[in-house]
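First residue of the sequence shown? That's 23 in the numbering used here, and the numbers climb one at a time after it. Glycine is no exception: its CB is placed at the ideal position from the N, C-alpha and C atoms. Since the model is a prediction, treat every value here as computed from it, not as a measurement.
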Amino acid sequence: MSYLQLFTEKYKLNAANTSIKAEYQIPLRGYIMDRNGKILVGNTPSYELTFTQSQMEKNFDTLGFCKLVNISKADFIKKIKSIKSNKKIYNNLVPMTFMKGLTSEDLARIQEKLFKYNAFSIVRTPERNYLVHSAGNILGYINEVNEKYIKSDSSYYMPGNLAGMTGVEKSYEKYLRGIKGIKYIQKDRRLRSIGSYKDGEYDQQMHSGKDITLSIDYDLQNLAEKLLVNKRGGIVALDPNNGEILVMASAPVIDPSVFVGRDKNKHIYALQMDSMNKPMFDRAAQAAYPPGSTFKLINGLAALQMGVIDEKTTFICKHGFHYGNRKIGCHCGYFYTPIAMDKAIQKSCNNFFAEAYVRILNKYPGNIEKSIDEWSDIVKSFAVGEFMHNDLAVGSKGNIPDANYYNRRYGKDKWNIYTIISNSIGQGEVLATPLQIANYTAVIANRGFFYTPHIVKAIDGKPITDPQFTVPKQVKVEKKYFDIVNKGMSMVVLSGTGHRIFTNTFSQEGKTGTSQNPHGKDHSIFVLIAPVDKPKIAIAVVVENGGFGATYAGPMASLLAEKYLTGTIERKSMEESIIKSDFSNEYLRQWNDYLKRTGKYVPNNLPQALKDSINKINSNKKLSLKEKQRLIQNIINQGEAAKKLDNFIGD
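And the structure:
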């Protein structure tokens, strides 16, 4: 119930008594800062005019009020009807938003004479001020509450209130919002204020929201987003010593400054309607990808723990894994010679991990269901295939299949080892988010345990103490089995598939991954731990359609580690090369292919497709001119073919 209703019931006051008026004070939301104290989100003054029907006088001077607030009588009637028409949230006892965004000139003019209009009040509703142009997916935005939000906490929210809708603004809403103040003002017969009701005995003190310190390193986050320009994907960096998220970048990147101002709802709508790029979809936390060869690390550990191989086990690679008349190809280079796990990791041998997976599934002869369930149970202990129970507003389980999964999909006794052999190399039905991939990389850095990844480091300056984030979780693999995996990952960087990122500045170990994509170029994936002896950072990078893991994802991860550990980047040419790389043409091609597959209209040539997209934007009456220009520019940037439209745009 609202505060006014609560007051009425508790103190038996007549809510319709115009001699007593409730005035609400909206507290300042807490600041949001990065781990180094940099303010990312603050507040800026904003005021609105509210209307309470129960306080409306019978002889209300409509024309005088309209002149005061500078609107027509028709607009006044329209606004009141609009307020009352929303039956689900309208309440004649509760102040409803009448006019937003009052300027300082409005305040000076209205405050002087507002006492004549008892049903109306000026309420301070601070607007958010996003002081940075990165981390939009992390910070989120606030907006006016809807019916569902009000019902979730009807003792606090009223129509017109603002609350967090996405990101940290949503997940830490109860800390950031503060406590509303309420003052009961007594009026004389001429509706002039004559002081607090009963000397403020029933007033409620306003308390500002709590400041939130994120675990994010903003400079590192900003670098990650620069590296992802004109690309899609996600980057997550963790401190393996405590689970703090240092970076959580999602591309396309959102500039949080679009979440404020009078046009913010138009901007949000445009972002939500961008079906091609889906910028509001947080790829770092929500997108579940086949983890590719990075998952070989987990399968190797599972095979060791299940006792089906040991550190000395070798397999002979014959240019891949052969089964029936089919084959999983391999380019490891260790052909027709025994290869152990460390070298299999170094050169990413598909055959080794396929053979190991066969042994996993044959652990209990004649009972593949028991074997895969044991494997699944071990893998899920790395927090893949289930929700992580972190403090983020969004997330995804990913997928780690078990016997029930395949029985539902194929039918009992209708699947076998070779039906699911792709799981051995991180393909098939295995899916993980960049956050989950970064977390299992942190497990390897710690040799057997992890802290649940979290985005908040402190609240009002006090470090978080929630055991969900401060107590380590042990995985179901013994510590002794991690040595050979770490050795192989070091070999990857020294002389293996990731040798391109080697530097003498700091030690690092990693694993390349190439996730197959049926609709275009493969995804580029890389995991990295640095420094090797006492890890301070664990990183996962996924670049959609980036190809081989060492080409784009590897350098991105290494550059981020260099920046975090040394404070600078010496490999400028590598940084510039990554930043300049642009996959927009590939994304546009895939989008057109998708439209064709789904039977939607696609022109026969690219210029016509771009022209049609521009016409659609120009015809959208919900978009402002500025937003139309921004979206059109994005379309123009999609490829060189758009240059042919220069004359059309000029019109």
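What is the rounded straight-line gap between the Cα of residue i and the Cα of residue j?
i       : j       : result
Glu-408 : Gly-420 : 7 Å
Tyr-53  : Leu-582 : 27 Å
Asn-372 : Ile-350 : 7 Å
Ser-403 : Gly-518 : 29 Å
Leu-645 : Leu-236 : 34 Å
Val-91  : Lys-43  : 21 Å
Tyr-428 : Cys-354 : 31 Å
Leu-550 : Asp-239 : 18 Å
Asn-384 : Asp-505 : 25 Å
Tyr-291 : Asn-642 : 12 Å
Gln-538 : Phe-375 : 17 Å
Leu-129 : Val-282 : 21 Å
Asp-221 : Glu-45  : 15 Å
Asn-607 : Val-251 : 13 Å
Leaving out five residues before and five after residue i in sequence, what residues of the same chain have Cβ atoms less than 6 Å from its Cβ?
i       : result
Pro-494 : Phe-471, Tyr-473
Trp-613 : Met-298
Arg-522 : Ala-572
Gln-47  : Gly-203, Met-228
Phe-87  : Tyr-139
Met-596 : Pro-577
Phe-570 : Thr-536
Ser-398 : Ile-422, Asp-424
Please determine, among the options, the residue with the shortest C-alpha to C-alpha distance to residue i.
i       : options                            : result
Arg-284 : Gly-256, Gly-86, Thr-125           : Thr-125
Gly-64  : Asn-640, Leu-453, Pro-312, Glu-149 : Glu-149
Leu-249 : Ser-603, Arg-652, Lys-648, Ser-41  : Ser-603
Gly-388 : Asp-435, Gly-417, Phe-404          : Asp-435
Met-180 : Ile-160, Lys-135, Ser-599, Ile-111 : Ile-111
Tyr-163 : Thr-147, Ile-132, Lys-170, Glu-195 : Glu-195
Gly-255 : Lys-205, Ala-310, Val-515, Tyr-427 : Ala-310
Thr-147 : Ser-635, Lys-122, Met-55, Leu-136  : Lys-122
Asn-426 : Ser-393, Met-410, Met-596          : Ser-393
Tyr-178 : Gln-226, Pro-313, Tyr-152, Asp-221 : Gln-226
Ala-579 : Thr-590, Ile-591, Ala-562, Gly-568 : Ala-562
Leu-71  : Arg-611, Ala-141, Ile-601          : Ala-141
Phe-317 : Ala-362, Gln-308, Tyr-356, Ile-367 : Ile-367
Ser-68  : Ala-560, Leu-50, Ser-76            : Leu-50
Ile-338 : Phe-491, Cys-352, Thr-74           : Cys-352
Ala-460 : Asp-261, Asp-296, Gly-222          : Asp-261
Gly-158 : Glu-223, Ala-96, Met-270           : Met-270
Ile-132 : Gln-327, Lys-89, Ser-41            : Lys-89
Ile-400 : Thr-463, Gln-449, Asn-321          : Asn-321
Ile-466 : Ile-382, Tyr-503, Asp-56, Ser-104  : Tyr-503
Given residue i, which residues of its chain have a CB within under 7 Å of its CB, disregarding the five upstream and five downstream residues?
i       : result
Asp-413 : Ser-193, His-476, Ile-477, Val-478
Val-380 : Ile-439
Lys-101 : Phe-120
Lys-32  : Any reading at Lys-32 must be qualified, since the residue scores a pLDDT of 36, below 50, and its modelled position is unreliable; the value itself is stated next. Answer for Lys-32: no residue qualifies.
Lys-60  : Tyr-240
Quick check on residue i: buried or exposed, where buried means 16 or more other Cβ atoms within 10 Å of its Cβ?
i       : result
Pro-540 : exposed
Ser-446 : buried
Gln-530 : buried
Pro-485 : exposed
Lys-533 : buried
Leu-647 : exposed
Pro-489 : exposed
Asn-347 : exposed
Gln-655 : exposed
Asp-210 : exposed
Tyr-432 : exposed
Ser-315 : buried
I need the boundaries of the beta strand (DSSP E) containing residue i, first residue and last residue.
i       : result
Leu-71  : 69 to 73
Gln-490 : From DSSP, Gln-490 is part of no beta strand (DSSP E) but of the alpha helix (DSSP H) over 489 to 492.
Met-121 : 118 to 121
Glu-451 : Run containing Glu-451: none; DSSP gives neither H nor E here.
Phe-142 : 142 to 146
Arg-348 : 348 to 351
Leu-260 : 255 to 261
Between which two residues does the alpha helix (DSSP H) carrying residue i extend?
i       : result
Met-511 : 504 to 517
Met-578 : 575 to 588
Thr-463 : 456 to 468
Leu-136 : Unbroken run through Leu-136: none, as it is neither H nor E.
Only counting the same chain, and skipping five residues up and downstream in sequence, which positions put a Cβ closer than 8 Å to that of residue i?
i       : result
Pro-553 : Phe-528, Ser-529, Gln-530, Leu-587
Ile-657 : Leu-632, Ser-635, Ile-636, Ile-639, Ala-664
Gly-217 : Ile-207, Gln-208
Leu-293 : Ile-276, Val-280, Pro-301, Met-302
Lys-16  : In the structure as shown, the chain starts at 23 and stops at 673, and residue 16 therefore has no counterpart that could be examined.
Could you confirm whether any beta carbon from chain C is found closer than 9 Å to the beta carbon of residue i?
i       : result
Arg-254 : Among the protein chains of the structure shown there is no chain C, as only one such chain exists.
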